[in-house]
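Asker: Chains as they are written, first to last, in the numbering used here: chain A, 129 to 378; chain B, 464 to 723.
Would you mind keeping the following structure in view while I ask a few things?
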Ligand SMILES: Nc1ncnc2c1ncn2[C@@H]1O[C@H](COP(=O)(O)OP(=O)(O)OP(=O)(O)O)[C@@H](O)[C@H]1O
Ligand SMILES: [Mg+2]
């Protein structure tokens, strides 16, 4: 089972953001999505879990058309999907442990002891052992992101959607998180989408990389393919050379 | 001629449309609340917490207002009644006014500012920082999780708070009467019981419950429909207070017209 977007359109009022995004993430694959700031990467990710409804087109997860699901079915599907928010979106009235526990409490028949063990495990994976009793306001920005990541992986979902999991982290922590993403893919067979601005990260974690550009997917390919692409728009982006994009436009 | 009219007409039209759209949104919100009521496993265990919070938040301010209202009622009653009316009517006026009107309405208005604003600010902040979306992704119905417990807490706790406020107002009126007016406890109690009906208390508590619903519903609605940033949260908070205060006065008149 995979994640698939078929001809997804989304506009906010007059502002058209997505104009026919089609993308397939294969089962067990990690797909990195890159693209300029404001191009609609987060919007795209939100349509996958039904936080935003496409104006046109469909999002498919686990063989189901997300937009057609009744509420109960949608919540059932969301139990299988972990979502890491770009700005963490931690519940600030709750401790770190309570944040991570939120998803676990939705799993039927899970006892308090097991929940505690899962919290400790998730925090260890993001290198935040012993942070259980702190409040979100008492941890740094990068630590907040990792708590958000721990909250998403604690339930061991089949699908993981990461919205810039490593932006704002130091290089070593970035590598740790990248390894975690890889490990989840390799050991648990998770299917995931990672939005990132960090090309090093993208090369490290992704089986394939897609670039979102002007409302559509401009390019999809393996890291080797993207490094050798002749598409100037893509090259300009991955090499950080705006002059190439200007040439392409001219 | 037609041009002179078109601008104000268009403005009226726009206002009417946006008002209608507002009602539409509120209708949708109401429908989602009704639907989420069925999700008892989510909201049931959160009700006690919200009730405790609401009680702790509201009792001090409600009792403070009631105490001073009782003093003023006693003094103004004796000032009004000089000579013509027997002084024990001070007890009647303090009791009736406190229970029927000032206990519930002053408490309601104060709590619109305290509880309603709190709810709108809290939920509004959760909305703009994507915490509401986070609930969704963790398979929680945000309305069942955030709104329903607060509505129930409002409907249950406002009457409790108002009952205390009524009692404190009467006690402070009595203390004022025996200390500052030339009255005995027996006289005050005689006046208090003169026109008292058990229905008065029901009336007070029904009003309080309806105010509780109005205040928490407006707090939740404006909080939940917040879009933007910190500024938007501020706007929602103000709107919640203004609209719930107006609703309280409208409901007050409604109950007077239907129940009395
Ligand atoms: N709920 C919304 N209402 C209105 N406009 C929105 C909403 N969400 C996103 N947008 C707009 O859609 C555009 C794309 O936003 P999005 O957050 O998807 O960008 P992004 O590609 O994730 O950028 P970044 O890399 O900076 O995170 C932006 O212009 C944003 O203003
Ligand atoms: Mg984004």
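Glycine included, every Cβ here is placed at the ideal spot set by N, Cα and C.
If you measure from each CB to the nearest heavy atom of ligand 1 and keep those under 5 Å, what residues do you get, in chain order?
Answerer: Chain-ordered list of matching residues: 140/A, 145/A, 165/A, 166/A, 167/A, 168/A, 169/A, 170/A and 171/A.
Asker: If the cut is a Cβ gap below 7 Å, which residues of chain B does residue 217/A touch?
Answerer: Residues of chain B passing the Cβ test: 592, 593, 594, 596 and 597.
Asker: Figure out for me which residue from 697/B, 618/B, 469/B and 606/B has the closest Cα to the Cα of residue 495/B.
Answerer: Cα-wise, what sits closest to residue 495/B is 606/B.
Asker: Can you list the beta strand (DSSP E) stretches of 3 or more residues lying completely in the stretch 267-347 of chain A, in chain order?
Answerer: Taking only runs of at least 3 residues, the beta strand (DSSP E) segments lying wholly in the stretch 267-347 of chain A are 287-291, 319-323 and 336-341.
Asker: Counting Cβ pairs, one atom from each stretch, are 3 or more of them under 8 Å apart for the stretch 516-523 of chain B and the stretch 495-505 of chain B?
Answerer: With a cut-off of 8 Å, the stretch 495-505 of chain B and the stretch 516-523 of chain B do not count as touching, because too few Cβ pairs lie within range.
Asker: DSSP three-state label for residue 670/B, please.
Answerer: The answer is helix: DSSP assigns residue 670/B an H, G or I state.
Asker: Closer than 7 Å by beta-carbon distance: list the chain A residues that pair up with residue 602/B, in chain order.
Answerer: Those are 203, 206, 207 and 234, listed as they occur along chain A.
Asker: Given the structure, does residue 214/A come close to ligand 2, in the sense that its CB is under 6 Å from one of the ligand's heavy atoms?
Answerer: Flag set: Cβ of residue 214/A near ligand 2.
Asker: May I ask you to list the residues that DSSP assigns as paired with residue 193/A?
Answerer: Looking at the DSSP assignment, residue 193/A forms a beta bridge with 188/A.
Asker: Whose C-beta lies closer than 8 Å to the C-beta of residue 578/B among residues of the same chain, with five residues either side of it excluded?
Answerer: Closer than 8 Å at Cβ, skipping near neighbours: 517, 520, 521, 617, 678, 679 and 682.
Asker: Output the boundary residues of the alpha helix (DSSP H) element that contains residue 198/A.
Answerer: It is not in any alpha helix (DSSP H) - residue 198/A carries neither H nor E in the DSSP assignment.
Asker: With distances taken Cα to Cα, identify the nearest neighbour of residue 716/B among 635/B, 667/B and 646/B.
Answerer: The candidate whose alpha carbon is nearest that of residue 716/B is 667/B.
Asker: Is the distance from the Cβ of residue 153/A to the Cβ of residue 130/A below 7 Å?
Answerer: A contact, by the Cβ cut-off of 7 Å.
Asker: Going by C-alpha to C-alpha distance, which of 584/B, 626/B and 597/B sits closest to residue 571/B?
Answerer: Of 584/B, 626/B and 597/B, the residue nearest in Cα terms is 626/B.
Asker: Please classify residue 598/B as buried or exposed, where buried requires at least 16 other C-beta atoms within 10 Å of its C-beta.
Answerer: Classification for residue 598/B: buried.
Asker: Determine, using beta-carbon pairs with one atom in the stretch 304-323 of chain A and one in the stretch 137-148 of chain A, whether at least three such pairs fall under 8 Å.
Answerer: No, the stretch 304-323 of chain A is not in contact with the stretch 137-148 of chain A.
Asker: Excluding five sequence neighbours on each side, which residues of the same chain lie with their C-beta closer than 6 Å to the C-beta of residue 305/A?
Answerer: Same-chain partners within the cutoff: 293 and 294.
Asker: Excluding five sequence neighbours on each side, which residues of the same chain lie with their C-beta closer than 6 Å to the C-beta of residue 718/B?
Answerer: For residue 718/B, where only same-chain residues beyond five positions count, the Cβ hits under 6 Å are 670.
Asker: Any beta carbon from chain B within less than 7 Å of residue 171/A's own beta carbon?
Answerer: No, residue 171/A does not count as interfacial toward chain B.
Asker: Do the stretch 176-196 of chain A and the stretch 206-214 of chain A touch if we need at least three Cβ pairs shorter than 8 Å?
Answerer: The stretch 176-196 of chain A is in contact with the stretch 206-214 of chain A.
Asker: Of all the CB atoms in chain B, is at least one closer than 7 Å to the CB of residue 177/A?
Answerer: Closer than 7 Å: yes.
Asker: Give the C-beta separation of residue 299/A and residue 331/A to the nearest angstrom, bearing in mind that I take them to be a contact with Cβ-Cβ under 8 Å.
Answerer: Residue 299/A to residue 331/A, Cβ: 14 Å. No contact.
Asker: Got a sec? Which residues, its chain only, sit under 6 Å from residue 550/B by beta carbon, not counting five neighbours each side?
Answerer: Closer than 6 Å at Cβ, skipping near neighbours: 646.
Asker: Answer yes or no: does any C-beta atom of chain B fall closer than 7 Å to that of residue 365/A?
Answerer: Judged by the 7 Å Cβ criterion, residue 365/A is not in contact with chain B.
Asker: Run through the DSSP bridge pairs and tell me what residue 151/A is partnered with.
Answerer: BP columns for residue 151/A point to 133/A.
Asker: In chain order, what residues of the same chain lie with their CB nearer than 7 Å to the CB of residue 247/A, ignoring the 5 residues before and after it?
Answerer: Closer than 7 Å at Cβ, skipping near neighbours: 225, 228, 229, 260 and 282.
Asker: Does the distance from the C-beta atom of residue 274/A to that of residue 256/A stay below 7 Å?
Answerer: Yes; because the gap between Cβ atoms is below 7 Å, this pair is in contact.
Asker: Between which two residues does the beta strand (DSSP E) containing residue 350/A stretch?
Answerer: Counting along the chain, residue 350/A falls outside any beta strand (DSSP E), and DSSP gives it neither H nor E.
Asker: Measuring only the C-alpha atoms, how far is residue 464/B from residue 168/A?
Answerer: Low per-residue confidence applies at residue 464/B: pLDDT is 48, beneath 50, and the placement is therefore not dependable enough to give any value.
Asker: If we cut at 7 Å on Cβ distances, does residue 230/A have a partner in chain B?
Answerer: True, the Cβ-Cβ gap to chain B drops below 7 Å.
Asker: For the pair the stretch 156-164 of chain A and the stretch 335-350 of chain A, tell me if three or more CB-CB distances fall below 8 Å.
Answerer: Yes: at least three Cβ pairs fall under 8 Å.
Asker: Might you give, ordered along the chain, the residues of its own chain that have their beta carbon closer than 7 Å to the beta carbon of residue 583/B, omitting 5 neighbours on each side?
Answerer: Once the five neighbours on either side are set aside, the close Cβ partners of residue 583/B are 682, 685, 686, 699, 700 and 703.
Asker: Taking the alpha-carbon positions, what's the residue 524/B to residue 174/A distance?
Answerer: Looking at the two C-alpha atoms, the distance is approximately 43 Å.
Asker: Output the boundary residues of the alpha helix (DSSP H) element that contains residue 654/B.
Answerer: Element bounds for residue 654/B: 648-657.
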